[in-house]
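Asks: 207 is the number of the first residue of the sequence shown in our numbering; add one for each residue after it. All C-beta atoms in this analysis are idealised placements derived from N, C-alpha and C, irrespective of residue type, glycine included. Right, I'll just put the structure down here and ask away after.
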Amino acid sequence: MATKDEQQPLHILFLPFLVPGHLIPIADMAAIFAARGVRCTILTTPVNAAVIRSAVDRANDALRGDTGGGPAIEIAVVPFPDVGLPPGVESGTALTSEEDRGKFFNAVQRLREPFDRFMAERRPDAVVADGFFTWSVDAAAEHGVPRLVFLGTSVFARSCIDSMVRNNPVETSADDDPDAVVSLPGLPHSVELRRSQMIDPKKRPDHWAFFQTMNAADQRSYGEVFNSFHEMEPEYVEHYRAALGRRTWIVGPVALASKDVAARGTSELSPDADACLRWLDAKPDGSVVYISFGTLSIFSPAEMRELARGLDLSGKNFVWVTNGAADDTDAPEWMPEGFADLISPRGERGLTIRGWAPQMLILNHPAVGGFVTHCGWNSTLEAVSAGVPMVTWPRYADQFYNEKLIMDVLKVGVGVGSRDFASNLENRRAIGGEVIAGAIRRVMDDGEEGEAIREKARELGVKARGATEKGGSSYDDVGRLMDALMTRRSSFDV
Ligand code: UDP
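Here it is as structure tokens:
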């Protein structure tokens, strides 16, 4: 007979990192667990709570009948720590200097206080904490609660980072030419990058030290939860589990669980959603390229100008989210002559969006035939789920690894030849418009190469959707994690 404790639903606390690209998948993941009867709480600060409020409300509305009226997902809103940042600056997207970045990471440390209070009062069964909260491994252990780490990236990229940290191939390679090829040892495929595309521990000692701290914290965790799906990167799931001995649950693509495809990730429904869909409705299937670089990337005027030229030269219709432009005027300094005549309302070739684009709706519209992306993991997986091939333009973080996965392993994209791993505050070489146009055409034009890429993208999209359906690999992994946590709870009851 079940004990009383076994009848209580599991309760998971989610602690997302304070940027939209980590908050959005955590809200989607909470919706997935809530739909399976888990009580979920997301602990975050007011500005970040606003990013996920609408997604959480809609997930709760959809589950209302199952929970007897109460919300299945709660957001525990805690004040942003007073670290000397201006009021309302609570997100990685709002930081404009290295000094503010330092203060922000101080706040990330200080969130331990409200976390500890929550743990003491509510005693959840598990914590899913973002890898950036390295302190949470000890904090959770002190409360006797298992910490699962969420890294917001692919198993492929995570395996590459693990190889980097173990082998330090950049520092040990004799050739310090930025174009020198560096191999990452011990992976299922031969993975090679240019030196300039990787973190150089000598040039970025803080970054490197943080990677090591994060890796060590992850290894001491109960396990890792990935927003990915087994069929996309089976060799890497196997490598991560067997060769590296890590306990992992692969539960994505979590975006497919979203009940809030238009307003997902914003505090307001995008005013452009309807207009954008109407514009797309008027275009032939597969004729539009969608261009967006996520929530953090900033492009120099020179880069914007070349991209605009590239879109013009490609001959394709386009929807371009221009948030990455440093300037925001009606006549931006980057716009090449004649470009304004291409875009709505003056012209019919293109639509630019400044604000929050309904990315999931756009990617799933039949008119969209390609996606120029910075290879942020959410965007990558959203394109994969929609069966849309990619033109890859990585800039930093895990993006160069994700590009390798897209281009070389999955073969669902073509690169623009991005070579510089650089933050928004650093310089990088602009990529020429002709090269950008060429990459777009390779993915979208008729002909053997484009057909093969599009076919692979379509097939992968079908597998992605299958993974999250009942009986699919991700669906089953959610169940396996719940069983493991339930077993753990019962073993502590005796
Ligand atoms: N996103 C969106 N509309 C926008 C910009 C971004 O819906 O105008 C969403 C996008 O769908 C994705 C997330 O924001 O879910 C961005 O995450 P990603 O990992 O791609 O990039 P990051 O912003 O973290 O670099």
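From the DSSP output, which residues share a beta bridge with M596?
Replies: Along the sequence shown, read from residue 1 onward, the residue named residue 596 stands at position 390. The beta-bridge partner set that DSSP reports for M596 consists of F577 and G619.
Asks: Looking at the structure shown, is V590 part of a helix, part of a strand, or coil, going by DSSP?
Replies: Within the sequence shown, residue 590 is the residue found at index 384, counting from 1. Helix.
Asks: Helix, strand or coil: how does DSSP classify E305 here?
Replies: Residue mapping note: residue 305 aligns to position 99 of the sequence shown, counting from 1. Of the three classes helix, strand and coil, the one that applies to E305 here is helix, per DSSP.
Asks: In the DSSP assignment, find the alpha helix (DSSP H) that holds R426 and state where it starts and stops.
Replies: Counting from 1 along the sequence shown, the entry for residue 426 is found at position 220. Counting along the chain, R426 falls outside any alpha helix (DSSP H), and DSSP gives it neither H nor E.
Asks: Quick one: grab the DSSP three-state call for Y602.
Replies: Residue mapping note: residue 602 aligns to position 396 of the sequence shown, counting from 1. Y602 falls in the coil class under three-state DSSP.
Asks: Please go through the same chain and pick out, in chain order, the residues whose beta-carbon is closer than 6 angstroms to the beta-carbon of L687, but skip the five residues on each side of it.
Replies: Position 481 of the sequence shown, counted from the start, is the residue given in the question as residue 687. Excluding positions up to five away in sequence, the list reads W455.
Asks: Based on DSSP bridge pairs, tell me the residues matched to V494.
Replies: Counting from one through the sequence shown, the residue named residue 494 turns up at place 288. Paired residue(s): N523 and V574.
Asks: Using DSSP bridges, identify the partner residues of A335.
Replies: Taking the sequence shown and counting its residues from 1, one reaches residue 335 at position 129. Paired residues: L221 and V355.
Asks: Return the CA-CA distance between A255 and T247, expressed in angstroms with no decimal places.
Replies: Translated into the one-based positions of the sequence shown, residue 255 becomes position 49. Translated into the one-based positions of the sequence shown, residue 247 becomes position 41. Near 12 angstroms, if we compare the C-alpha coordinates of T247 and A255.
Asks: Helix, strand or coil for T454 per DSSP?
Replies: As a first step, residue 454 is located in the sequence shown; it is residue number 248 there, counting from the start. In the three-state reduction of the DSSP assignment, T454 falls in the strand class.
Asks: From which residue to which residue does the beta strand (DSSP E) around V388 run?
Replies: Along the sequence shown, one-based indexing puts residue 388 at 182. Run containing V388: V387 to L390, per the beta strand (DSSP E) assignment.
Asks: Using a 10 Å radius around the Cβ and a threshold of 16 neighbouring Cβ atoms, would you call S696 buried or exposed?
Replies: Translated into the one-based positions of the sequence shown, residue 696 becomes position 490. By the 10 Å Cβ count, S696 comes out exposed.
Asks: Counting only the same chain and skipping the five closest in sequence on each side, list residues whose C-beta sits under 7 angstroms from that of L557.
Replies: For the purposes of this step, residue 557 is identified with residue 351 of the sequence shown, where counting begins at 1. In chain order, C482, W485, V525, I549 and S550 place their CB closer than 7 angstroms to the CB of L557, counting only its own chain and leaving out the 5 sequence neighbours on each side.
Asks: May I ask you to verify whether the stretch 265–281 touches the stretch 235–246, counting CB pairs closer than 8 angstroms and requiring at least 3?
Replies: yes
Asks: Excluding five sequence neighbours on each side, which residues of the same chain lie with their C-beta closer than 7 angstroms to the C-beta of P226?
Replies: Along the sequence shown, one-based indexing puts residue 226 at 20. Cβ within range, chain order: V257, T299, G471 and T501.
Asks: Between the Cα of F577 and those of V351, I646, A563 and H436, spot the shortest distance and give me the residue it belongs to.
Replies: To locate residue 577, count along the sequence shown from 1; it is residue 371. With distances taken between CA atoms, F577 lies nearest to I646 out of V351, I646, A563 and H436.
Asks: My output table needs one value for L557: the three-state DSSP class, helix, strand or coil.
Replies: The residue labelled residue 557 in the question sits at position 351 within the sequence shown. Under the three-state reduction of DSSP, L557 is assigned to strand.
Asks: When the Cβ atoms of the stretch 506–517 are set against those of the stretch 528–541, are three or more pairs found closer than 8 angstroms?
Replies: yes
Asks: Nearest CA to the CA of L462: which residue from R694, Q214, L229 and M235?
Replies: Locating residue 462 in the sequence shown gives position 256, counting from the first residue. Looking at the Cα atoms, M235 is the closest of the given residues.
Asks: I need the straight-line Cα distance from P222 to D547, nearest angstrom please.
Replies: Walking along the sequence shown from the start, residue 222 turns up at place 16. Walking along the sequence shown from the start, residue 547 turns up at place 341. Each residue's alpha carbon lies about 42 angstroms from the other.
Asks: Are S369 and L390 closer than 7 angstroms when you measure CB to CB?
Replies: Position 163 of the sequence shown, counted from the start, is the residue given in the question as residue 369. Position 184 of the sequence shown, counted from the start, is the residue given in the question as residue 390. Closer than 7 angstroms, so yes.
Asks: Measuring CB to CB, does G575 end up less than 7 angstroms from M650?
Replies: Numbered from 1 along the sequence shown, position 369 holds the residue referred to as residue 575. Numbered from 1 along the sequence shown, position 444 holds the residue referred to as residue 650. Closer than 7 angstroms, so yes.
Asks: Alpha carbon to alpha carbon, how far is W599 from A208? Give it in angstroms, no decimals.
Replies: Position 2 of the sequence shown holds residue 208. Position 393 of the sequence shown holds residue 599. Confidence in A208 is poor, its pLDDT being 48 and thus under 50, which makes the residue's placement unreliable; the coordinate value appears in the next sentence. Straight-line Cα distance between these residues: approximately 53 angstroms.
Asks: Tell me whether F311 sits in a helix, a strand or coil according to DSSP, three-state version.
Replies: Counting from 1 along the sequence shown, the entry for residue 311 is found at position 105. Three-state DSSP puts F311 in a helix.
Asks: By DSSP's criteria, E280 is part of a beta bridge. Which residues make up the other side?
Replies: Indexing the sequence shown from 1 puts residue 280 at position 74. DSSP, once it has assigned bridges, lists T247 as partnering E280.
Asks: Just to check my reading of the structure: L219 and P330 have Cβ atoms closer than 8 angstroms, yes? What is that Cβ distance to the nearest angstrom?
Replies: In the sequence shown, the residue the question calls residue 219 occupies position 13. In the sequence shown, the residue the question calls residue 330 occupies position 124. About 4 angstroms separates the two Cβ atoms, so the contact holds.
Asks: Please list, in chain order, all residues of the same chain as F698 whose beta carbon is under 6 angstroms from its beta carbon, the five residues on each side excluded.
Replies: Here residue 698 corresponds to residue number 492 of the sequence shown, with the count starting at 1. Result list for F698: empty, nothing under 6 angstroms.
Asks: Quick check on DSSP: helix, strand or coil for R400?
Replies: Stepping through the sequence shown from its first residue, residue 400 is reached at position 194. Strand.
Asks: Between L483 and the ligand SAM, is there a pair consisting of the residue's CB and a ligand heavy atom that are separated by less than 6 angstroms?
Replies: The ligand SAM is not part of this structure, which contains only the ligand UDP.
Asks: Between the stretch 667–679 and the stretch 431–438, can you find at least three pairs of beta-carbon atoms closer than 8 angstroms?
Replies: yes
Asks: When you compare the CB positions of L317 and G337, do they come within less than 7 angstroms of one another, or not?
Replies: Translated into positions along the sequence shown, residue 317 becomes position 111. Translated into positions along the sequence shown, residue 337 becomes position 131. Between L317 and G337, the C-beta spacing is not below 7 angstroms.
Asks: Can you say whether D466 is buried or exposed, counting buried as having 16 or more other CB atoms within 10 angstroms of its CB?
Replies: As a position in the sequence shown, residue 466 is number 260, starting the count at 1. Per the 10 Å Cβ criterion, buried.
Asks: For D689 and E444, I'd like the C-alpha separation in whole angstroms.
Replies: In the sequence shown, residue 689 corresponds to position 483, counting from 1. In the sequence shown, residue 444 corresponds to position 238, counting from 1. Their Cα atoms are separated by approximately 21 angstroms.
Asks: Restricting to Cα atoms, I'd like to know which of N312, R307 and F321 is closest to A282.
Replies: Position 76 of the sequence shown, counting from 1, holds the residue named residue 282. If we check each option's Cα against that of A282, F321 comes out closest.
Asks: On the DSSP bridge assignment, give the partners of I549 in chain order.
Replies: Here residue 549 refers to the residue found at position 343 of the sequence shown. Its beta-bridge partners are G556.
Asks: Do you know whose CA, among S464, V495, F286 and L691, lies nearest D267's CA?
Replies: The count along the sequence shown starts at 1 and reaches residue 267 at position 61. Ranking S464, V495, F286 and L691 by Cα distance to D267 puts S464 first.
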